[in-house]
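Protein chains in written order, with my numbering: chain A, 597 to 845; chain B, 597 to 845.
Here the structure is laid out as structure tokens; the discussion comes afterwards.
There are 2 protein chains.
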Amino acid sequence: MAFIQTDTFTIRGYECDASGRMSVPALMNMMQESANRNALDYGIGIADLAKRGVGWMLMRFQLRMHQYPRYGETIRVVTYPTEVEKYFIYRDFRILAEDDTLLAEAGSTWLVFSIEKRSMVPMPDFIRSLNPPAGLTHLPKLPHKPDFQSTPFTPTKTKESVVGWLSIDQNQHVNNVAYVEWLLETVDNETLETKKLTEIDLVYRTESHWQDSVQIQSAVETPQTFLHRIIHTESGKDVLLARSRWVTD
Amino acid sequence: MAFIQTDTFTIRGYECDASGRMSVPALMNMMQESANRNALDYGIGIADLAKRGVGWMLMRFQLRMHQYPRYGETIRVVTYPTEVEKYFIYRDFRILAEDDTLLAEAGSTWLVFSIEKRSMVPMPDFIRSLNPPAGLTHLPKLPHKPDFQSTPFTPTKTKESVVGWLSIDQNQHVNNVAYVEWLLETVDNETLETKKLTEIDLVYRTESHWQDSVQIQSAVETPQTFLHRIIHTESGKDVLLARSRWVTD
Numbered sequence: 597m598a599f600i601q602t603d604t605f606t607i608r609g610y611e612c613d614a615s616g617r618m619s620v621p622a623l624m625n626m627m628q629e630s631a632n633r634n635a636l637d638y639g640i641g642i643a644d645l646a647k648r649g650v651g652w653m654l655m656r657f658q659l660r661m662h663q664y665p666r667y668g669e670t671i672r673v674v675t676y677p678t679e680v681e682k683y684f685i686y687r688d689f690r691i692l693a694e695d696d697t698l699l700a701e702a703g704s705t706w707l708v709f710s711i712e713k714r715s716m717v718p719m720p721d722f723i724r725s726l727n728p729p730a731g732l733t734h735l736p737k738l739p740h741k742p743d744f745q746s747t748p749f750t751p752t753k754t755k756e757s758v759v760g761w762l763s764i765d766q767n768q769h770v771n772n773v774a775y776v777e778w779l780l781e782t783v784d785n786e787t788l789e790t791k792k793l794t795e796i797d798l799v800y801r802t803e804s805h806w807q808d809s810v811q812i813q814s815a816v817e818t819p820q821t822f823l824h825r826i827i828h829t830e831s832g833k834d835v836l837l838a839r840s841r842w843v844t845d
Numbered sequence: 597m598a599f600i601q602t603d604t605f606t607i608r609g610y611e612c613d614a615s616g617r618m619s620v621p622a623l624m625n626m627m628q629e630s631a632n633r634n635a636l637d638y639g640i641g642i643a644d645l646a647k648r649g650v651g652w653m654l655m656r657f658q659l660r661m662h663q664y665p666r667y668g669e670t671i672r673v674v675t676y677p678t679e680v681e682k683y684f685i686y687r688d689f690r691i692l693a694e695d696d697t698l699l700a701e702a703g704s705t706w707l708v709f710s711i712e713k714r715s716m717v718p719m720p721d722f723i724r725s726l727n728p729p730a731g732l733t734h735l736p737k738l739p740h741k742p743d744f745q746s747t748p749f750t751p752t753k754t755k756e757s758v759v760g761w762l763s764i765d766q767n768q769h770v771n772n773v774a775y776v777e778w779l780l781e782t783v784d785n786e787t788l789e790t791k792k793l794t795e796i797d798l799v800y801r802t803e804s805h806w807q808d809s810v811q812i813q814s815a816v817e818t819p820q821t822f823l824h825r826i827i828h829t830e831s832g833k834d835v836l837l838a839r840s841r842w843v844t845d
């Protein structure tokens with residue numbers, strides 16, 4: 597059976613930032629919540645996978661913001677899987693206003709890893725055989741390796757940080773949205789005050805854990821875009837690579 | 597007219613911490629949201645005050661956790677003003693499970709400040725004359741100056757931090773709950789992993805703003821309690837003083 601998840605969320609004061617707009621991390625948290633609920637309906641929730649010794653890893657996420665909701669507005673988050681391949685499963689998200697205006701949309705790519713080996717494995721059959729909803733228009737599949745993943749850059753801002761207790765989730769690793777909070781904090785003040793984020797494109801590479809030290813780097817790429825990189829200090833591995841796009845408010 | 601605010605919240609995955617329990621900052625955010633909604637009904641919301649050149653400041657907050665809710669549970673936040681005095685207004689909160697179990701309760705004390713002078717003013721008449729709901733049992737009024745406010749301590753842990761964009765709210769200052777997030781991050785690892793917060797008592801002293809540098813200090817007071825202090829680095833002023841109490845899980 598195919599399942600389309602629809603959740604409504606009324607935006608609370610603390611889900612808005614200093615500009616009065618809904619904060620992108622708050623929205624991404626809601627999208628993650630809806631994805632989890634949809635996965636439960638499909639029998640592919642975190643616990644369903646853990647029983648079989650495997651876990652989900654988000655590999656790619658690209659969010660486009662068309663219009664920001666504000667305090668008190670009710671939004672609908674709609675999400676469903678779009679396609680399953682040997683190694684990857686794709687999931688789309690649409691964020692709608694009460695009058696059906698498309699506020700935002702996102703594509704994502706997920707893989708499955710072996711908990712024991714900590715490495716990627718082919719999609720198990722119980723996931724491979726699921727039925728995505730039919731007859732819907734899909735967002736284009738995200739490239740597994742976007743250009744910015746291999747663009748070297750000299751950071752104009754670097755922040756060293758230690759992973760705190762409140763950044764880890766019930767799986768004991770840093771929640772996907774915490775990284776986005778960190779990288780937003782390395783954007784320069786003028787951009788934060790006078791522009792708004794219109795697109796964020798993320799490549800998740802390695803997990804990180806409580807008390808790990810990480811370096812959060814960013815660089816101006818063009819007048820509209822920043823490049824971001826989060827590095828696990830001890831291993832030197834890339835945790836996350838990203839590009840963000842901003843427009844004048 | 598008297599208004600009792602009741603909001604129901606179903607706990608989302610990201611509102612729980614690594615222990616699987618609802619996180620205290622997430623709960624406090626919901627309480628703040630309900631208080632704001634209740635204030636709107638009374639005509640004493642942030643915008644109502646701003647029109648008259650004044651603003652709210654939370655001075656005291658004491659939360660007692662009796663039982664932690666978990667993912668997917670629905671809680672009710674009930675809040676209302678209990679008494680108005682010349683300089684202070686008191687507000688109680690109760691958190692209830694679906695079967696009416698009392699999960700948590702909190703008392704709070706608020707004052708009004710002049711936006712121009714940045715100093716406390718007597719409660720304006722439109723606030724002074726409001727009618728708290730009658731016939732309800734109130735929590736005891738919190739002492740304006742609890743003992744721990746003047747207990748000097750030598751910090752066993754100090755963290756320097758710069759106020760980030762995501763910690764400020766639409767009033768352009770640090771949101772009350774962000775301070776609690778910061779002080780929880782200075783509690784030692786063993787306590788975070790093996791105990792749970794059962795009480796937190798807060799004295800808010802000065803506001804802080806985006807990009808301010810703050811020092812977050814904590815010290816072990818007894819085997820069950822920590823003392824906390826947040827200092828505004830440049831002015832040396834106390835921003836927050838607190839005591840937290842922990843019990844073995």
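Glycine included, every Cβ here is placed at the ideal spot set by N, Cα and C.
What you are looking at is a predicted structure, and each value in this text was computed from that prediction instead of being measured.
- As for any alpha helix (DSSP H) of minimum length 4 sitting wholly inside the region 649-734 of chain A, the runs are 721-724, ordered along the chain.
- Residues of chain B whose Cβ lies closer than 8 Å to the Cβ of A:I764 are, in chain order, D613 and A614.
- DSSP places B:E786 outside any beta strand (DSSP E); the residue lies instead in the alpha helix (DSSP H), whose first and last residues are N785 to T790.
- Taking C-beta separations shorter than 7 Å and ignoring five residues to either side along the sequence, the partners of B:K682 in its chain run P718 and M719, following chain order.
- Within 10 angstroms of the beta-carbon of B:H740 lie fewer than 16 other beta-carbons, which makes it exposed.
- Nearest neighbour of A:V674 by Cα position, chosen from A:N632, A:A774 and A:L654, turns out to be A:N632.
- Note: A:Q601 is bridge-paired with A:T675 in the DSSP secondary-structure output.
- Taking the C-beta atoms as reference points, A:A838 is found nearer than 8 Å to A:D797.
- A Cβ of chain A is located within less than 8 Å of the beta carbon of B:Y610.
- The beta carbon of B:Q811 sits no closer than 8 Å to any beta carbon of chain A.
- The alpha-carbon of A:E611 is positioned some 8 Å away from that of A:Y667.
- In the structure shown, A:D797 falls within a strand segment according to DSSP collapsed to helix, strand and coil.
- Burial check for B:A643: the Cβ neighbour count within 10 Å stays below 16, so the residue is exposed.
- Taking the C-beta atoms as reference points, A:P621 is found nearer than 8 Å to A:V776.
- Contact between B:L698 and B:F684 does not hold, since the beta-carbon distance rounds to 25 Å and is not under 8 Å.
- Interface with chain A (8 Å Cβ-Cβ cutoff): B:N632 is included.
- Annotation for A:Q628: the continuous alpha helix (DSSP H) segment containing it runs V620 to D637.
- Assigned with DSSP and collapsed to three states, B:V759 falls in coil, not helix or strand.
- Separation of A:I764 and B:D721 (C-alpha to C-alpha, rounded to the nearest whole angstrom) is 46 Å.
- Not a single CB atom of chain B sits nearer than 8 Å to the CB of A:W652.
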